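J.: Quick one: this structure, given as structure tokens, is what I'll be asking you about.
Numbering (the working numbering), first residue to last: 495 to 555.
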């Protein structure tokens, strides 16, 4: 808070390259989304195997 006030008081400005900032945000976000999708697909695979096992037991008993 004090830093923001001091920068405003002394009229200090700095141009930030948004390319580096966007790369720093986008890449981890993409990897997180990709990892979440893989976990979802793996969970659906396990769920389908579990359901098929339950149906097999149901039909044979």
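From the three backbone atoms N, C-alpha and C, an ideal C-beta is built for every residue, glycine too. This structure is a prediction, so every number in the text was calculated from the model and none was measured.
1) Just how far apart, CA to CA, sit residue 549 and residue 525?
2) Does DSSP classify residue 504 as helix, strand or coil?
3) Would DSSP call residue 510 helix, strand or coil?
4) For residue 551, name the three-state secondary structure that DSSP assigns.
T.: In short:
1) In the chain shown, counting from the first residue as 1, residue 549 sits at position 55. In the chain shown, counting from the first residue as 1, residue 525 sits at position 31. Near 36 Å, if we compare the C-alpha coordinates of residue 525 and residue 549.
2) Here residue 504 refers to the residue found at position 10 of the chain shown. If DSSP states are grouped into helix, strand and coil, residue 504 belongs with coil.
3) Walking along the chain shown from the start, residue 510 turns up at place 16. Here residue 510 sits in coil by DSSP.
4) Taking the first residue of the chain shown as 1, we reach residue 551 at position 57. The answer is helix: DSSP assigns residue 551 an H, G or I state.
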